[in-house]
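Residue numbers (my numbering): 37 to 450.
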């Protein structure tokens, strides 16, 4: 049902409802639907709606209330607003039914990553039929161009049009309808930003209860910008409820990034987060990082340093590829894919590639390599997955990979 207008109930004691019309009329006893006008004394039949039309001089009513012009103007305005409100409500309900509804836009527990994409796909596939979907392609092109060409260009990237958050913004704007007042720059930068910051802050504080109960892992990830050689180290905190970005440190100006430097940096971050929360530190296998992690374990006895699983697997694959027998097969495979039209050549590199492809020895050795590489690549894809946290499955996955390699390669020697 559409929302009813609420008006002050003072002076309406004994009235059938709190409708504004009862300020100006009194129900006739034992005469259903008859109302006596307090302004002119006339008895109006037809209920409160018909009575309000009498007050507002609708349907050819004579103006009998000149001395009550202010009161009459008030009820006229209230009647118009009530009708407009009901029309707006019905329009929005019709939109909700046609699009499947837009309740609970921000579902509890969703992260600001990935979930936006999942939510966009979910809404597109389940709630909004493709045949009724409104797009700018269906709008009047001349109108779109005339509106957009007069606006100042803000140097926004073109891929902004594919952002899922922009899609959600447009959908919510369509639901609300026309006449929505946009927030001011001050509201966005101060009011809403502060509110969002407080929401994220409360969410992180909620995670700390899980950190205290089961412990958390501090993950350290460094990368270098190839353009300006800026070296950034990112710190993230992981627990069973999710991963959060803690901070990033620009160490480009540090000339000697040795074990002592990394040790002090890791120790300060652990102290900043809270020593009672962190039980494990994960870094890459760089020699300085390994030394820093082991030194930190000596200072903080409850901590355990672990190397990055993905980096370890990358190094394993690289070391396997350096073995002479493996390197020979890999080099022959590279030759195979460097050339094309092998069968048409009778001499030269393409002819050699043809001999490799048709040779039984190449495929036998390639099959042996696959037996070694495949289990490791499966583990690598597992730890690099963004679908769900995989830390609890890494050790079991590595053990399975070891058993698979031992079983398939028992008779394989260098």
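Quick reminder that beta carbons are idealized off the backbone N, C-alpha and C, glycines included. None of the values given here were measured: they were computed from a predicted structure.
Roughly how many whole angstroms lie between the Cα atoms of residue i and residue j?
i           : j           : result
residue 83  : residue 216 : 35 angstroms
residue 431 : residue 126 : 58 angstroms
residue 314 : residue 258 : 19 angstroms
residue 451 : residue 206 : Coverage of the chain is limited to positions 37 through 450, which leaves residue 451 absent and any answer about it impossible.
residue 362 : residue 282 : 42 angstroms
residue 42  : residue 229 : Annotation note: pLDDT 47 at residue 42 (below 50); position unreliable, coordinate value reported separately. Using only the alpha carbons, I get a separation of about 34 angstroms.
residue 202 : residue 196 : 8 angstroms
residue 224 : residue 120 : 30 angstroms
residue 90  : residue 192 : 57 angstroms
residue 442 : residue 411 : 11 angstroms
residue 353 : residue 435 : 16 angstroms
residue 58  : residue 210 : 37 angstroms
residue 34  : residue 218 : For the chain, the structure presents residues 37 to 450; residue 34 sits outside this window and is missing.
residue 138 : residue 198 : Caution applies to residue 138, whose pLDDT of 41 falls short of 50 and renders its modelled position unreliable; the value that the coordinates give is listed next. Those two C-alpha atoms are separated by around 20 angstroms.
residue 163 : residue 208 : The predicted model places residue 163 with a pLDDT of 44, which falls under 50 and marks its position as unreliable, so this point remains unresolved.
residue 237 : residue 319 : 26 angstroms
residue 156 : residue 212 : In this prediction, residue 156 scores a pLDDT of 44, lower than 50, which makes its location untrustworthy; the coordinate-derived value is nonetheless stated afterwards. So the two alpha carbons sit approximately 19 angstroms from each other.
residue 256 : residue 271 : 5 angstroms
residue 286 : residue 268 : 5 angstroms
residue 200 : residue 406 : 40 angstroms
residue 356 : residue 366 : 11 angstroms
residue 60  : residue 70  : 13 angstroms
residue 86  : residue 214 : 31 angstroms
residue 413 : residue 227 : 48 angstroms
residue 277 : residue 419 : 17 angstroms
residue 351 : residue 242 : 37 angstroms
residue 52  : residue 124 : 26 angstroms
residue 335 : residue 279 : 26 angstroms
residue 339 : residue 368 : 47 angstroms
residue 310 : residue 262 : 34 angstroms
residue 247 : residue 233 : 21 angstroms
residue 300 : residue 317 : 14 angstroms
residue 122 : residue 77  : 30 angstroms
residue 337 : residue 275 : 20 angstroms
residue 322 : residue 342 : 12 angstroms
residue 398 : residue 264 : 44 angstroms
residue 440 : residue 235 : 47 angstroms
residue 221 : residue 81  : 54 angstroms
Can you tell me which of the options puts its alpha carbon nearest to the alpha carbon of residue i?
i           : options            : result
residue 416 : 345, 365, 260      : 345
residue 349 : 433, 400, 269      : 433
residue 359 : 273, 267, 401, 80  : 401
residue 333 : 247, 302, 321, 308 : 302
residue 15  : 297, 86, 308       : The displayed coordinates of the chain run from 37 to 450. Any statement about residue 15 would go beyond what the structure contains.
residue 288 : 318, 298, 266, 74  : 266
residue 74  : 62, 67, 300        : 62
residue 297 : 327, 404, 317      : 327
residue 252 : 437, 194, 312, 261 : 312
residue 260 : 246, 310, 284      : 284
residue 292 : 324, 305, 276, 262 : 324
residue 409 : 438, 419, 398      : 438
residue 329 : 242, 429, 243, 254 : 254
residue 480 : 368, 331, 67, 418  : With the chain represented from 37 up to 450, any question about residue 480 goes unanswered, as that position is not in the structure.
Please state whether DSSP places residue i in a helix, a strand or coil.
i           : result
residue 75  : coil
residue 126 : helix
residue 245 : helix
residue 367 : helix
residue 278 : strand
residue 340 : strand
residue 321 : coil
residue 193 : coil
residue 254 : strand
residue 315 : strand
residue 63  : strand
residue 219 : coil
residue 300 : helix
residue 462 : There is simply no residue 462 to check, as the chain begins at 37 and stops at 450 in what is shown.
residue 225 : helix
residue 360 : helix
residue 114 : helix
residue 411 : helix
residue 51  : coil
residue 295 : helix
residue 345 : helix
residue 92  : coil
residue 329 : helix
residue 234 : helix
residue 120 : helix
Using a Cβ cut-off of 8 angstroms (strictly closer), state whether residue i contacts chain B.
i           : result
residue 202 : In summary, chain B is missing from the structure at hand, where a single protein chain is found.
Looking at the strands, I want to know which residues DSSP matches up with residue i.
i           : result
residue 260 : 267
residue 454 : With the chain covering only 37 through 450, there is no way to say anything about residue 454.
residue 286 : 268
residue 273 : 254, 280
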